[in-house]
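Below is one structure, written out as structure tokens; comments come after it.
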Amino acid sequence: MDARSFPLMIAIDGPAASGKSTLARRLAEALGYLYFDTGVLYRAVTWAALQRGLSPRDEAAMTRLASELAIDVRPPSQADGRSNDVWVDGQDVTWAIRSPEVDAWVAAVAAHPGVRQALLEVQRRIGRQGRVVMVGRDIGTVVLPEADFKIYLDASLEERARRRYEELRARGQPVSFDEVLARMRARDRTDAGRSVAPLRPAPDAWVLVTDGLTPDQVFTRVWDVLQRRAAPHPSDGAEAS
Ligand code: DC
């Protein structure tokens, strides 16, 4: 057991496909922390809206849905690349919430202040228990401003679109690169331009641009920073002076 104290609340924010989830999963595994990807909450609301024929642009309807919907995030039941199961209305929607349709609408749903408010307490309850790596767009700025380590991962639009394109193709989704690029550009604009909790780094976030870096390289850089930040534990006999 490492006799140093690592940050207990790690917040990772950044745009879509900047490498947040991959990094967060590895950090959570290395530290024995809970990994929580808050994007699944917004995606679950969007999926349910489309299923029910509700307009994602209707703020009142989306806010009601976000308040009432039972979204269940559980440990993974299958080894198919998922980090968690996501259940809504008694259905396993883990992959359904990653469809291009949900991708196209989720930023609009996440831009409604009422939806964000409805999902805020759920996220805080989980985050404030500590020993958590929480991923999203506003974790360091709004959800857990008290987080003791904030990371903001960024990458160029082209690099992120390429990563998302490869992910979708690997799952057998028939999409073109140009389509993925256009959708990502639109989503960036909505995420960064919304009035409530727009995407931006917290003033005390550690920013890393991941263009050209492999997931291993990203992890190693963050891990080095974490090691340096981990305070020496009084009982480990460190040469404190
Ligand atoms: O990380 P993701 O692609 O699964 O996120 C889906 C959408 O949800 C994205 O458009 C931004 C939004 N989101 C947000 O606004 N705040 C969060 N904490 C997490 C996600």
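Counting in this note's numbering, the final residue of the sequence shown is number 260, and the numbers go up one at a time with none missing.
Note that CB positions come from ideal geometry on N, CA and C, so glycine has one too.
Asked, Found
"Inside the stretch 190 to 237 only - beta strand (DSSP E) runs reaching at least 3 residues", "225 to 228"
"W225 vs K169 beta-carbon contact at 8 Å", "yes"
"Spatially closest choice to G231 from L176, G159, P26, by CA coordinates", "L176"
"Where the alpha helix (DSSP H) containing I10 begins and where it ends", "The structure shown does not extend to residue 10, since the chain is modelled only from 20 through 260, so no value can be given for it."
"Short Cβ contact (8 Å threshold) for A98 with L84", "no"
"Euclidean distance between Cα positions of R150 and Y54", "9 Å"
"C-beta atoms of L163 and A30 nearer than 8 Å", "yes"
"At least three beta-carbon pairs within less than 8 Å, the stretch 132 to 150 to the stretch 195 to 202", "no"
"Cβ neighbour criterion (16 or more within 10 Å) applied to A22", "Caution applies to A22, whose pLDDT of 48 falls short of 50 and renders its modelled position unreliable; the model cannot decide the point."
"Stretch pair the stretch 60 to 76 + the stretch 120 to 137: three plus CB contacts closer than 8 Å", "yes"
"E258 - DSSP class collapsed to helix/strand/coil", "Only weak support is given to the placement of E258: the predicted model assigns it a pLDDT of 44, under 50, and the value that follows is read from those uncertain coordinates. In the structure shown, E258 sits in coil (DSSP, three-state: anything other than H, G, I, E or B)."
"Nearest to V92 (by Cα), restricted to the options Y61, T82, E120", "Y61"
"For A35, the nearest candidate out of R206, P220, P193 (CA to CA)", "R206"
"D243 Cβ short of 7 Å to ligand 1 heavy atom set", "no"
"Beta-carbon contacts of Q192 that lie in its chain and below 8 Å, excluding the five residues immediately before and after", "S118, P119"
"Run of the beta strand (DSSP E) containing A30, from where it starts to where it stops", "28 to 32"
"Straight-line gap, L172 to A137 (C-alpha atoms, nearest Å)", "26 Å"
"Length-filtered (4 minimum) alpha helix (DSSP H) runs lying within the stretch 158 to 192", "176 to 189"
"Whole-angstrom distance between S102 and S96, CA atom to CA atom", "9 Å"
"For F55, the residue or residues it bridges with in DSSP", "M153"
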